[in-house]
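Colleague: In the numbering used here, the protein residues as written are 768 to 1155.
Ideal Cβ placement from N, Cα and C applies to all residues, glycine included.
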Ligand SMILES: Nc1ncnc2c1ncn2[C@@H]1O[C@H](COP(=O)(O)OP(=O)(O)O)[C@@H](O)[C@H]1O
Ligand SMILES: [Mg+2]
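1. Grab the span of the beta strand (DSSP E) containing residue 1141 for me, first residue to last.
2. Would you say residue 805 touches ligand 2, meaning its beta carbon is less than 8 Å from a heavy atom?
3. Report the option in 1032, 1055 and 950 whose CA atom is closest to the CA atom of residue 1009.
4. Assuming residue 763 and residue 831 form a contact by the criterion Cβ under 8 Å, report the distance between their Cβ atoms to the nearest whole angstrom.
5. What's the gap between the Cα of residue 1146 and the Cα of residue 889?
6. Okay, do the stretch 1136 to 1152 and the stretch 1093 to 1111 touch, 3+ Cβ pairs below 8 Å being the bar?
7. Using alpha carbons as the reference points, say which of 843, 818 and 824 lies closest to residue 833.
8. In terms of DSSP beta bridges, what is residue 831 paired with?
9. Within the present structure, is the beta-carbon of residue 861 separated from the nearest heavy atom of ligand 2 by less than 8 Å?
10. Measure the alpha-carbon distance for residue 829 versus residue 852 and round it to whole angstroms.
11. State the start and end residues of the unbroken alpha helix (DSSP H) segment that holds residue 881.
12. For residue 958, which of helix, strand or coil comes out of DSSP?
13. What first and last residue would you give for the beta strand (DSSP E) that runs through residue 1118?
14. How far does the alpha helix (DSSP H) with residue 783 in it extend, from its first residue to its last?
15. Taking the beta strand (DSSP E) that residue 894 belongs to, which residues open and close that run?
16. Can you grab the Cα-Cα spacing for the pair residue 1056 / residue 1140, in whole Å?
17. Residue 1039 to residue 859, Cα distance in whole Å?
18. With DSSP collapsed to three states, give me the class of residue 853.
19. Determine which residues share a DSSP beta bridge with residue 1147 and list them.
20. At the level of alpha carbons, what is the spacing between residue 894 and residue 807?
21. I need the DSSP call for residue 1081, collapsed to helix, strand or coil.
22. Looking at ligand 1, does it come within less than 8 Å of residue 852, judged from the CB to the closest heavy atom?
23. Who are residue 1043's beta bridge partners in DSSP?
24. Could you check where the alpha helix (DSSP H) with residue 810 kicks off and where it finishes?
25. What does the alpha-carbon distance come out to for the pair residue 861 and residue 846?
26. Does DSSP classify residue 1105 as helix, strand or coil?
27. Alpha carbon to alpha carbon, how far is residue 1085 from residue 909?
28. I'd like to check one pair, residue 783 with residue 826: are the Cβ atoms closer than 9 Å?
29. Please classify residue 892 as buried or exposed, where buried requires at least 16 neighbouring CB atoms within 10 angstroms.
30. Would you check whether ligand 1 has a heavy atom nearer than 8 Å to the C-beta of residue 1051?
31. Determine whether the beta carbon atoms of residue 1083 and residue 998 lie at a separation below 9 Å.
32. Since residue 1102 contacts residue 995 with CB under 8 Å, what's their CB separation in whole angstroms?
33. Within the present structure, is the beta-carbon of residue 781 separated from the nearest heavy atom of ligand 2 by less than 8 Å?
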């Protein structure tokens, strides 16, 4: 089973590349699903067929779906939301305000990912290619399972215990709608799903991200940051696809200049992403819509390269022992010292890079240790933990 998350800046060709990748897999006989989690769905346009929430066949061995986040949300969140709403009503909170409380940022995409988790575990597919939203949303989304499970692990069990004890008393003295077991069960299902999804996406031998870029300064800059943030959240990057390269036959003074600019950017890309497989794709002379053209694209893009087996995910972090000490190391290639912060709190290690933050629960063996130093060198962060 493999999951490939295709992401990149808006408009770089994510959907088209994801579709071509899925087709390349299917043409090798791999049972493949392509799922779009981008609320601005355009997968149906890329294949030029109608697509909905349920997977439908778009080519031999290939199914496609555009995940309907409302439907997914109703399924996983409906019971919990209704219950909480009762509590808000009782408390005199007007319904508009209550609605706002019951919707958190990134929620839609979260439910889309839960659907990806279900599909990946359905046994119907050997590869799931995910056409993701533009980078910023995708990053927020990929950090969400971490944040939520942290939150729920702590808050929920306590809440449930308190409610169990308080219910008889509350029912006697007030008309406060007390959450039913049904809601806790729905919540348990939801968190179970989030946990499963985290396991699946955090396993670099199953899941990896593939970055689509164009040879343009702003696109490259954003991709570098994305690369680092993906590592921060524990996702491996298995490839960089450079799309829309002007082919040799484009000539004339006007485009000669553009070709020069692209050549310089291509050199930058090779250097910046030297650790990952880079594949190039030219700008075609037409919009690449429909299975036959996507297949042409897939053949040019992957050629003899196997779209899954030949692209290996980078390693987000490693734990090594150095004598008595243990060193956690991580590639953070494009950040400065001032952007990195490491704080130890209880049994957790908080890593921040720029505006993103991640908490890592330390393995049992390391809980009795202290962080002695964090060191950034040549795009490499190492955190040393020592015996107390
Ligand atoms: N290499 C390419 N050559 C020609 N057209 C392309 C190429 N890559 C993408 N396109 C076209 O560009 C448009 C936008 O691509 P799309 O994959 O939807 O981008 P994104 O998903 O990143 O927003 C589509 O019409 C697509 O057919
Ligand atoms: Mg798209």
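Modeller: On the basis of the supplied data:
1. 1136 to 1144
2. yes
3. 1032
4. Since the displayed the chain opens at 768 and closes at 1155, residue 763 lies outside it and no answer follows.
5. 39 Å
6. yes
7. 818
8. 801 and 823
9. no
10. 41 Å
11. 874 to 887
12. helix
13. 1115 to 1120
14. 781 to 794
15. 894 to 898
16. 52 Å
17. 56 Å
18. helix
19. 1098 and 1144
20. 23 Å
21. coil
22. no
23. For residue 1043, which the question treats as bridged, DSSP gives no partner whatsoever.
24. 810 to 814
25. 19 Å
26. helix
27. 20 Å
28. no
29. buried
30. yes
31. yes
32. 6 Å
33. yes
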